[in-house]
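One structure is given here, and the rest of the page talks about it.
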Amino acid sequence: MAILETSGLTRMFGGLSAVDRLDLSVEEGEIRGLIGPNGSGKTTALNLITGYLKPSRGAVTYRGSEVTGRQPHDLARMGLVRTFQITTLFENLTVRDNVLHGSHLNNPTSLMGAMRRSGRYRRQSAEMEDRVRELLAFVGLGERIDAVARDLSAGEHRYLEIAIALAAGPRMLLLDEPATGLNPEEAAFLMNLIRTLRSQGVTVLLVEHNMRLITNICTRITVLNFGAKIAEGTPEEIVDNPDVITAYLGKRRGA
Amino acid sequence: MRLTVPAGWWLGGALLVVAALTPLFVFTNTYNRGLLVLIIIYAVAGLSLDYIMGEMGQFSFGHAAFWGFGAYVSAKLALDLGISPWIGFLAAPVAAGLVGLLIGYIALRRTRGLELAIVTLGFGVLAWTVALRWRPVTGGPSGLRQVPPPSLFGWEIRSELAYFYFSLLLLLGIVFLLSRLRTSRFGRGVRSIHENEDLAKSVGVAATKYYVLAFSFACALVGFSGALYAHHFRFVNPNLLGLDYMFIFLIVVLVGGRGTLWGPVLGSAIFVLVSEWLRALQEYRFVIFGVVLLLVVLFMPIGVFPALQNVARRMRGGKDAGGDVTPGGQDPVLEPGGAG
Amino acid sequence: MSWDVIGQQLWNGLLNGSIYVIFAAGLSLVFGVMRVINMAHGELTMLGAMLLFTVTDLVGLAYFPGAALVVLVMALAGFLVNRVTVRPFLGHSELVVILSTVALSFVLLNGSLVVWGSGPKGVEKPFNEIVQVGGVYITTAGLLLVGVCFAAVMGLYLMLTHTKLGKKTRATGQNLLGARLIGINTTAIYDTTLIVASGLAALAGVLIVLVSSATPNLGQPLLITGFAVVIVAGMGNVAGAVAVGLFMGVTEALFGQFVSTYYRQGYLYVVMIIVLLLRPQGLFGRK
Numbered sequence: 028m029a030i031l032e033t034s035g036l037t038r039m040f041g042g043l044s045a046v047d048r049l050d051l052s053v054e055e056g057e058i059r060g061l062i063g064p065n066g067s068g069k070t071t072a073l074n075l076i077t078g079y080l081k082p083s084r085g086a087v088t089y090r091g092s093e094v095t096g097r098q099p100h101d102l103a104r105m106g107l108v109r110t111f112q113i114t115t116l117f118e119n120l121t122v123r124d125n126v127l128h129g130s131h132l133n134n135p136t137s138l139m140g141a142m143r144r145s146g147r148y149r150r151q152s153a154e155m156e157d158r159v160r161e162l163l164a165f166v167g168l169g170e171r172i173d174a175v176a177r178d179l180s181a182g183e184h185r186y187l188e189i190a191i192a193l194a195a196g197p198r199m200l201l202l203d204e205p206a207t208g209l210n211p212e213e214a215a216f217l218m219n220l221i222r223t224l225r226s227q228g229v230t231v232l233l234v235e236h237n238m239r240l241i242t243n244i245c246t247r248i249t250v251l252n253f254g255a256k257i258a259e260g261t262p263e264e265i266v267d268n269p270d271v272i273t274a275y276l277g278k279r280r281g282a
Numbered sequence: 044m045r046l047t048v049p050a051g052w053w054l055g056g057a058l059l060v061v062a063a064l065t066p067l068f069v070f071t072n073t074y075n076r077g078l079l080v081l082i083i084i085y086a087v088a089g090l091s092l093d094y095i096m097g098e099m100g101q102f103s104f105g106h107a108a109f110w111g112f113g114a115y116v117s118a119k120l121a122l123d124l125g126i127s128p129w130i131g132f133l134a135a136p137v138a139a140g141l142v143g144l145l146i147g148y149i150a151l152r153r154t155r156g157l158e159l160a161i162v163t164l165g166f167g168v169l170a171w172t173v174a175l176r177w178r179p180v181t182g183g184p185s186g187l188r189q190v191p192p193p194s195l196f197g198w199e200i201r202s203e204l205a206y207f208y209f210s211l212l213l214l215l216g217i218v219f220l221l222s223r224l225r226t227s228r229f230g231r232g233v234r235s236i237h238e239n240e241d242l243a244k245s246v247g248v249a250a251t252k253y254y255v256l257a258f259s260f261a262c263a264l265v266g267f268s269g270a271l272y273a274h275h276f277r278f279v280n281p282n283l284l285g286l287d288y289m290f291i292f293l294i295v296v297l298v299g300g301r302g303t304l305w306g307p308v309l310g311s312a313i314f315v316l317v318s319e320w321l322r323a324l325q326e327y328r329f330v331i332f333g334v335v336l337l338l339v340v341l342f343m344p345i346g347v348f349p350a351l352q353n354v355a356r357r358m359r360g361g362k363d364a365g366g367d368v369t370p371g372g373q374d375p376v377l378e379p380g381g382a383g
Numbered sequence: 360m361s362w363d364v365i366g367q368q369l370w371n372g373l374l375n376g377s378i379y380v381i382f383a384a385g386l387s388l389v390f391g392v393m394r395v396i397n398m399a400h401g402e403l404t405m406l407g408a409m410l411l412f413t414v415t416d417l418v419g420l421a422y423f424p425g426a427a428l429v430v431l432v433m434a435l436a437g438f439l440v441n442r443v444t445v446r447p448f449l450g451h452s453e454l455v456v457i458l459s460t461v462a463l464s465f466v467l468l469n470g471s472l473v474v475w476g477s478g479p480k481g482v483e484k485p486f487n488e489i490v491q492v493g494g495v496y497i498t499t500a501g502l503l504l505v506g507v508c509f510a511a512v513m514g515l516y517l518m519l520t521h522t523k524l525g526k527k528t529r530a531t532g533q534n535l536l537g538a539r540l541i542g543i544n545t546t547a548i549y550d551t552t553l554i555v556a557s558g559l560a561a562l563a564g565v566l567i568v569l570v571s572s573a574t575p576n577l578g579q580p581l582l583i584t585g586f587a588v589v590i591v592a593g594m595g596n597v598a599g600a601v602a603v604g605l606f607m608g609v610t611e612a613l614f615g616q617f618v619s620t621y622y623r624q625g626y627l628y629v630v631m632i633i634v635l636l637l638r639p640q641g642l643f644g645r646k
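Shown next, in the form of structure tokens:
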């Protein structure tokens, strides 16, 4: 069953459509790649799906209900969580606090509990702390828990972003070019993380412009060019698709 | 930023002990004890403004209007309806909080940072205009006089000393409440919006709702401070809603230290005592305050309290933690909402 | 209601509106180019008026040389405003810059109260005949005010659109880093921007005394009106500020005549708040 569907999703900027009648259907448990050359509308599509931009036309359906134009935080509550193309962290906070603040939806403490420091509040806080440590260990930042986020390396930034997103408890994770700025080893580690997530039941939509990175890990790939879908299929089909080669690979080779 | 709780509370506690003892040993006459009450009133107002500046990372130029509004509400209830100031102390924050909710809802849905500062300035001046012009209700430019003091079991708390200890207790309660609020789910939500609004939304924080509630909370708190003022000084007038008090609260927050709990308390003490000390200079006082504010912002942007904390920490061999504003650092929120 | 009354209010509104126009244009220019809200802009206008009073009444200069001298001096003071209260704080947050200009405005306002006292001061006008057009009374001093305002606005417009300096200024406002990369001396642009804005503010000050008197308290209300204009127009939009400034001046006068004199200024804030609700980027703002 499709976890996420868009139909005729369109966004105009001035007279140009940044995203043009996009029909997308992502099955539960997939790792879907969304690729295309720079400026092909990938990030705009992601912003439209996650409520950061309002679509000019079209609809988004998530887990069977229409969510077009819903606020990002509502969607997050429903399990639809994203990361950003430009690394986005709570830069002035420690790594721990980053994930702690990311755990908003999984923070069971009550206001009165926090005020009174009740036994229950302390127990719940200890549980949250455990979960934060678990998540940081998972993304390989266990040792950096007390570092301030802005002091992290580029790779660590990306891992922390993912830990923050995971703290929100996503059913579906939309990652916007998560490998940007990573060296090959770091990128490989990241792709492994994504695979593990999938095995834990998280559906992933992976926006990327680096084709090589994505063909290894995606179950299916959707290709955008000038805001419109030009191809969709398994990685093998995409690599051999002549439209994709001319629109995307051909152009890159020529560049 | 995690406030290192021990250093902060240690310093703050020392401040309190000093404060509690001063009226007994140093400030023994009525006039000087009145100054101590004023310190507490400004401290509460400063704490509430700092909730907007330090916790929300926003700025409201209309904050004094809520202060004056709280003062008028409590004064009116007591004067016109004979309602006890004790109820006024509750009614003022409720009323200011509700108006804050409405204005926050209007302003915070779409504006942040500089735009919000100007919009709240507009609201503040509008409120001031109304207070000045709506004579039948507000008493016009001369305001309302003979506001009754609160009484306890038929005993009017006219004594500066009793009022001082009463408000000191409340101040302590407010600082305690604010410190606990920070680690609550709500407090963390607000903090995360301050740090990065887009990211906060992506992890499920209802940013606008939280900001409106936080704004309303700050307005309620300052409304309470206004009520304290009204029943202590026993008058209210439109100036209470104006930019002069806004400027005072700003000094209290900035000199004390933005984003620190005890900062505004210390800032208020510094402001009141220094301005008393400069009393002989009369009209030059505000000129001097302007210059002082400039110098503080320039040379001690973190404020006095965090600077003291750093000294305390260094004495114990620790590292500086810095305040909310580090030189060269940026305030992400003061950039108006990202353009997708 | 009589048409004469409406005509008179239109004229009065035009006078106020012209002041709002050059006042708000300067405020908007600083915001547009530097993303700085200059809370001291109103006090610069006030200083313009007070200094004019001083040089005419105390030193004995005539209106025109006095006004020219004041505007020139205040324009140069704009350089100091930038160097003392804006530039040192640009590395900090935008809020800090607001606060430093608030501090400056307090120094200027309270300093002026010390120097001049709070009473209104009249300035000898260069000419002050009253002309009756239909049933409307128009002063020649008022005509001068309107004329100079429009000349100043046209000058600003031509400078921004037709000179190299203006183009550099606009480029700096659009993209500071980009402007630096292509070799624009943005420090000089910032200096110039405050020089021009401060000169415009002082010009408003020396013109205000043509129709009313000089007092240290004239800055604050004007600043707030200026913000209402700038917000309704869209922050940083100089051309929009011109249109809205005129509109606000005229409708404010009509509001004062026909609705309530008491809440005249309140009217502007209400307009501002309504515009913000419906169109937060302002009437002429881009989104």
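Residue numbers (this note's numbering), protein chains in the order written: chain U, 28 to 282; chain E, 44 to 383; chain X, 360 to 646.
For each residue, glycine too, the CB sits at the ideal point set by N, CA and C.
Self-check item: Proximity winner among X:Leu642, X:Tyr622, X:Val512, relative to X:Tyr379 (alpha-carbon distances)
Solution: Sequence index remark: in the third sequence, residue 379 of chain X carries index 20 (1-based). Among X:Leu642, X:Tyr622, X:Val512, the Cα nearest to that of X:Tyr379 is on X:Val512.
Exercise. Residues of the region 610-625 of chain X with a CB closer than 7 Å to any CB of chain E: list them in chain order, please.
Key: Within the region 610-625 of chain X, the qualifying residues are Tyr621, Tyr622, Gln624, Gly625.
Quiz prompt | For U:Leu202, the nearest candidate out of U:Ile76, U:Thr37, U:Glu32 (CA to CA) | solution = On the first sequence, position 175 is the one that residue 202 of chain U refers to. Ranking U:Ile76, U:Thr37, U:Glu32 by CA distance to the CA of U:Leu202 puts U:Ile76 first.
Practice problem: Give me the Cβ distance between E:Tyr85 and E:Val295, rounded to the nearest whole Å; I'm assuming they're in contact under 8 Å. | Solution: Translated into the one-based positions of the second sequence, residue 85 of chain E becomes position 42. Translated into the one-based positions of the second sequence, residue 295 of chain E becomes position 252. Between E:Val295 and E:Tyr85 the Cβ distance is about 5 Å, and since that is below 8 Å, they are a contact.
Quiz prompt | E:Ala249 in three-state terms, based on DSSP | solution = By one-based count along the second sequence, residue 249 of chain E stands at place 206. E:Ala249 falls in the coil class under three-state DSSP.
Quiz item: Is the Cβ-Cβ distance between X:Val443 and X:Leu449 less than 9 Å?
Solution: Translated into the one-based positions of the third sequence, residue 443 of chain X becomes position 84. Translated into the one-based positions of the third sequence, residue 449 of chain X becomes position 90. No, they are not a contact pair.
Self-check item: As assigned by DSSP and simplified to three states, the class of U:Asn252
Solution: Position 225 of the first sequence, counted from the start, is the residue given in the question as residue 252 of chain U. Strand at U:Asn252.
Quiz item: With E:Ser227 and U:Leu138 assumed to form a contact (beta carbons below 8 Å), what rounded beta-carbon distance in angstroms separates them?
Solution: For this step, residue 227 of chain E is matched to residue 184 along the second sequence. For this step, residue 138 of chain U is matched to residue 111 along the first sequence. 5 Å between Cβ atoms; contact.
Quiz prompt | Where X:Gly348 meets chain E, residues with beta-carbon distance less than 7 Å | solution = Since the displayed chain X opens at 360 and closes at 646, residue 348 of chain X lies outside it and no answer follows.
Self-check item: Per-residue contacts from U:Phe253 into chain E (C-beta, under 9 Å)
Solution: Here residue 253 of chain U refers to the residue found at position 226 when the first sequence is read from its first residue. Under the 9 Å cutoff, chain E gives no residues; its nearest Cβ is about 19 Å from U:Phe253.
Quiz item: Which runs of the beta strand (DSSP E) spanning at least 3 residues fall entirely within the region 121-158 of chain U, listed in chain order?
Solution: You should have found no qualifying run.
Quiz prompt | Run of the alpha helix (DSSP H) containing U:Ser44, from where it starts to where it stops | solution = Residue mapping note: residue 44 of chain U aligns to position 17 of the first sequence, counting from 1. Careful: U:Ser44 lies outside any alpha helix (DSSP H), inside the beta strand (DSSP E) at 43-54.
Quiz item: How close, in whole Å, do the beta carbons of U:Glu204 and U:Gln112 come, if the pair is a contact with beta carbons under 8 Å?
Solution: To locate residue 204 of chain U, count along the first sequence from 1; it is residue 177. To locate residue 112 of chain U, count along the first sequence from 1; it is residue 85. Confirmed, about 5 Å.
Quiz prompt | Close beta carbons around X:Ser572, own chain, < 7 Å, minus the five adjacent residues each side | solution = Counted from its first residue, the third sequence places residue 572 of chain X at position 213. For X:Ser572, where only same-chain residues beyond five positions count, the Cβ hits under 7 Å are Pro479, Lys480, Gly481.
Quiz item: In three-state terms, what does DSSP make of E:Ser194?
Solution: Working through the second sequence from its first residue, we reach residue 194 of chain E at position 151. Three-state DSSP puts E:Ser194 in a strand.
Exercise. Measuring alpha carbon to alpha carbon, tell me which of E:Tyr208, E:Asn282, E:Gly285 ends up nearest E:Leu78.
Key: Start at 1 with the first residue of the second sequence, and residue 78 of chain E comes out as number 35. Residue E:Tyr208 is the option with its Cα nearest to E:Leu78.
Quiz prompt | Collapsed DSSP secondary structure at X:Gln640 in the structure displayed | solution = As a working mapping, residue 640 of chain X is identified with position 281 in the third sequence. In this structure, X:Gln640 counts as coil in the three-state DSSP scheme.
Quiz item: Hey, is U:Leu36's beta-carbon within less than 9 Å of any beta-carbon in chain E?
Solution: Here residue 36 of chain U corresponds to residue number 9 of the first sequence, with the count starting at 1. No, its Cβ sits nowhere closer than 9 Å to a Cβ of chain E.
Exercise. Identify, in the order they occur along the chain, each residue of the same chain with its Cβ nearer than 6 Å to the Cβ of U:Glu118, setting aside the five sequence neighbours on each side.
Key: The count along the first sequence starts at 1 and reaches residue 118 of chain U at position 91. Correct list, in chain order: Ala176, Arg177.
Practice problem: Might you give, ordered along the chain, the residues of its own chain that have their beta carbon closer than 6 Å to the beta carbon of X:Gly401, omitting 5 neighbours on each side? | Solution: Position 42 of the third sequence holds residue 401 of chain X. Closer than 6 Å at Cβ, skipping near neighbours: Gly578, Gln579, Leu581, Leu582.
Quiz item: What runs of the alpha helix (DSSP H), each 4 residues or longer, lie entirely inside the region 517-559 of chain X?
Solution: The qualifying runs are 523-533, 535-540.
Practice problem: Using a Cβ-Cβ cut-off of less than 8 Å, give me the residues of the region 155-183 of chain E that come near chain X, in sequence order. | Solution: Gly156, Leu157, Glu158, Ala160, Ile161, Val162, Leu164, Gly165, Phe166, Val168, Leu169, Thr172, Val173, Arg176
Quiz item: If you check the beta carbons only, do X:Met433 and E:Val162 fall under 9 Å apart?
Solution: Counted from its first residue, the third sequence places residue 433 of chain X at position 74. Counted from its first residue, the second sequence places residue 162 of chain E at position 119. Result no, Cβ atoms of X:Met433 and E:Val162 do not sit closer than 9 Å.
Quiz item: With a CB to CB cut of under 7 Å and the five nearest residues on each side skipped, what residues in its chain are close to U:His128?
Solution: In the first sequence, the residue the question calls residue 128 of chain U occupies position 101. So the list reads Phe117, Leu120, once near-sequence residues are dropped.
Quiz item: Which residue comes first and which comes last in the alpha helix (DSSP H) that contains X:Phe382?
Solution: By one-based count along the third sequence, residue 382 of chain X stands at place 23. X:Phe382 -> alpha helix (DSSP H) spans 362-393.
Self-check item: 8 Å Cβ cut-off: residues of chain E touching U:Gly63
Solution: For the purposes of this step, residue 63 of chain U is taken as the residue at position 36 of the first sequence. Residues of chain E with a Cβ closer than 8 Å to the Cβ of U:Gly63 do not exist, since the nearest Cβ in that chain sits about 18 Å away.
Quiz item: Under three-state DSSP, which class holds E:Asp123?
Solution: If you number the second sequence from 1, residue 123 of chain E lands on position 80. Three-state DSSP puts E:Asp123 in a helix.
Quiz item: CB U:Ala103 to CB U:Leu73, shorter than 9 Å?
Solution: The residue given as residue 103 of chain U occupies position 76 in the first sequence. The residue given as residue 73 of chain U occupies position 46 in the first sequence. The answer is no: Cβ separation not under 9 Å.
Quiz item: Shortest alpha-carbon distance to U:Ile221 belongs to which of U:Gly208, U:Thr70, U:Asn210, U:Leu240?
Solution: As a working mapping, residue 221 of chain U is identified with position 194 in the first sequence. Checked all of U:Gly208, U:Thr70, U:Asn210, U:Leu240; the closest Cα to U:Ile221 is U:Leu240.
Quiz item: What span of residues does the beta strand (DSSP E) with U:Glu32 cover, start to end?
Solution: One-based indexing of the first sequence puts residue 32 of chain U at position 5. Here the beta strand (DSSP E) through U:Glu32 covers 29-40.
Quiz item: Which same chain residues, not among the five before or five after U:Leu193, have their C-beta less than 7 Å away from its C-beta?
Solution: In the first sequence, residue 193 of chain U corresponds to position 166, counting from 1. Excluding residues within five positions, the ones whose Cβ falls inside 7 Å are Leu162.
Quiz item: When DSSP builds the beta bridges, which residues end up paired with X:Ala491?
Solution: Numbered from its first residue, the third sequence carries residue 491 of chain X at position 132. Ala is not the amino acid found at residue 491 of chain X; the sequence shown has Gln there. According to DSSP, which records beta bridges pairwise, X:Gln491 is partnered with X:Tyr496.
Exercise. For the region 207-273 of chain U, list the beta strand (DSSP E) runs that are entirely contained and at least 3 residues long, ordered along the chain.
Key: 230-235, 247-252, 255-260
Quiz item: Can you tell which of X:Phe614, X:Val634, X:Leu636 has its C-alpha closest to the C-alpha of X:Tyr626?
Solution: As a first step, residue 626 of chain X is located in the third sequence; it is residue number 267 there, counting from the start. Measuring from the Cα of X:Tyr626, the nearest candidate turns out to be X:Phe614.
Practice problem: Give the residues from the region 134-154 of chain E that approach chain X closer than 7 Å (Cβ to any Cβ), ordered along the chain. | Solution: Ile149, Arg153, Thr154
Quiz item: Who are X:Ala573's beta bridge partners in DSSP?
Solution: Translated into positions along the third sequence, residue 573 of chain X becomes position 214. According to DSSP, which records beta bridges pairwise, X:Ala573 is partnered with X:Lys480.
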